[in-house]
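J.: By the count of my numbering, the sequence shown reaches residue 253 at its end, each step adding exactly one.
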Amino acid sequence: MTADKNDTATPPSQTDDELSPKEIEAGRILFAQDCQFVFGATTADVLPPPDYPEIAFAGRSNVGKSSLINALTSRNTLARTSNTPGRTRQLNFFVLGERLMLVDMPGHGYAKVSKSEIASWGELIDSYLRGRVNLRRLCLLVDSRHGLKPPDLELMDRLDEAAVSYQIVLTKADKVKQGELKRILSTLKSQLKVRPAAHPEIAVTSALDGGGIAQLRAALTAYADPAQADPD
Ligand SMILES: Nc1nc2c(ncn2[C@@H]2O[C@H](COP(=O)(O)OP(=O)(O)OP(=O)(O)O)[C@@H](O)[C@H]2O)c(=O)[nH]1
Ligand SMILES: [Mg+2]
Numbered sequence: 022m023t024a025d026k027n028d029t030a031t032p033p034s035q036t037d038d039e040l041s042p043k044e045i046e047a048g049r050i051l052f053a054q055d056c057q058f059v060f061g062a063t064t065a066d067v068l069p070p071p072d073y074p075e076i077a078f079a080g081r082s083n084v085g086k087s088s089l090i091n092a093l094t095s096r097n098t099l100a101r102t103s104n105t106p107g108r109t110r111q112l113n114f115f116v117l118g119e120r121l122m123l124v125d126m127p128g129h130g131y132a133k134v135s136k137s138e139i140a141s142w143g144e145l146i147d148s149y150l151r152g153r154v155n156l157r158r159l160c161l162l163v164d165s166r167h168g169l170k171p172p173d174l175e176l177m178d179r180l181d182e183a184a185v186s187y188q189i190v191l192t193k194a195d196k197v198k199q200g201e202l203k204r205i206l207s208t209l210k211s212q213l214k215v216r217p218a219a220h221p222e223i224a225v226t227s228a229l230d231g232g233g234i235a236q237l238r239a240a241l242t243a244y245a246d247p248a249q250a251d252p253d
């Protein structure tokens with residue numbers, strides 16, 4: 022699923038900091054660059070070299086991680102999306118414009134996987150989160166209809182413990198009414214207050230209608246390596 026060209030579709034991003042048109046444009050330019058799949062890691066001892074600043078996308082199975090990466094990069098099929106929860110089983114690395122690495126993480130909290138799979142997921146995630154020196158920000162995707170669930174809270178505990186900076190990105194905002202969205206946002210804000218590694222801003226996105234995608238691109242561009250200056 023991809024954002025269409027109309028990135029200004031409602032609902033807008035609910036970040037506290039207003040992004041300037043210049044920042045939005047910088048985000049558009051970066052995310053229009055070439056984006057290539059680099060590597061799929063099933064264990065944390067064989068990760069790509071930490072050559073670029075890295076942004077990871079985590080969240081429960083089926084929350085829309087792969088769809089969001091596709092929407093951000095305006096590609097239909099870069100990250101595989103599926104109706105079958107638990108589709109992404111490895112850490113998938115994508116390099117964007119030689120300036121930023123995007124990581125599609127395996128979904129957590131999917132009931133139909135075995136205990137041994139849950140244990141190996143936990144090991145992979147823990148060693149990745151603890152050891153990845155270039156990891157700048159983790160986007161924790163949360164379904165706009167559901168808010169935080171116990172597996173999200175568990176991941177947030179891991180993130181707070183490993184001191185990995187993270188922000189909540191609401192997905193599938195096209196599925197909720199404005200009133201419901203406001204209620205979810207205010208609950209989330211109070212839940213984040215007690216979380217040391219959480220950013221207070223919450224992005225609201227829809228991979229379906231493109232809402233909030235341009236704003237999220239701009240916010241993530243702040244972590245990328247600087248663009249090369251024109252030679253002349
Ligand atoms: N309405 C709506 N549906 C969405 C949106 N984003 C994703 N979906 C749908 O949600 C389902 C799951 O999307 P994925 O992107 O595969 O989810 P995922 O988090 O990568 O799933 P796993 O890899 O299994 O963890 C698909 O059917 C998508 O089409 C959205 O913004 N709006
Ligand atoms: Mg996926």
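Glycine included, C-beta positions come from ideal geometry on N, C-alpha and C.
For Y187, list the residues DSSP reports as bridge partners.
T.: Residue mapping note: residue 187 aligns to position 166 of the sequence shown, counting from 1. Looking at the DSSP assignment, Y187 forms a beta bridge with L159 and A219.
J.: Check whether the Cβ of V67 lies closer than 8 Å to any heavy atom of ligand 1, and answer yes or no.
T.: Locating residue 67 in the sequence shown gives position 46, counting from the first residue. False, no ligand heavy atom lies under 8 Å from that Cβ.
J.: Compute the Euclidean distance between the alpha carbons of S41 and K196, then round it to the nearest angstrom.
T.: Along the sequence shown, one-based indexing puts residue 41 at 20. Along the sequence shown, one-based indexing puts residue 196 at 175. If I take the Cα positions, the gap works out to 28 Å.
J.: Out of R153, N83, G232 and Y149, which one is the CA nearest neighbour of L93?
T.: The sequence position of residue 93 within the sequence shown is 72, counting from 1. The residue with the shortest Cα to Cα distance from L93 is G232.
J.: Answer yes or no: the CB of K193 versus the heavy atoms of ligand 2, is any distance below 8 Å?
T.: For the purposes of this step, residue 193 is taken as residue 172 along the sequence shown, with counting starting at 1. Flag unset: Cβ of K193 not near ligand 2.
J.: Enumerate, from N- to C-terminal direction, the unbroken beta strand (DSSP E) stretches of 3 or more residues contained entirely within the region 34-109.
T.: Complete beta strand (DSSP E) runs here, min 3: 56-62 and 75-80.
J.: Do D181 and R216 come within 9 Å of each other at the CB atom, strictly closer than that value?
T.: Here residue 216 refers to the residue found at position 195 of the sequence shown. Here residue 181 refers to the residue found at position 160 of the sequence shown. For R216 and D181, yes; Cβs fall inside 9 Å.
J.: Take the Cβ of A184 as the centre, count every other Cβ of all protein chains shown within 10 Å, and call the residue buried at 16 or more, exposed below.
T.: The residue you call residue 184 lines up with position 163 of the sequence shown. Exposed: under 16 other Cβ atoms inside 10 Å.
J.: Excluding five sequence neighbours on each side, which residues of the same chain lie with their C-beta closer than 6 Å to the C-beta of L68?
T.: Working through the sequence shown from its first residue, we reach residue 68 at position 47. Correct list, in chain order: A62.
J.: In the DSSP assignment, find the alpha helix (DSSP H) that holds L117 and state where it starts and stops.
T.: Counting from 1 along the sequence shown, the entry for residue 117 is found at position 96. Taken as a continuous stretch (DSSP letters only), L117 belongs to no alpha helix (DSSP H), being part of the beta strand (DSSP E) at L112 to L117.
J.: Beta carbon of K86: closer than 8 Å to some heavy atom of ligand 2?
T.: Within the sequence shown, the letter at position 65 stands for residue 86. Under cutoff, so the answer is yes.
J.: When the Cα of S82 is compared with those of K198, L99 and M126, which residue comes out closest?
T.: If you number the sequence shown from 1, residue 82 lands on position 61. Residue M126 is the option with its Cα nearest to S82.
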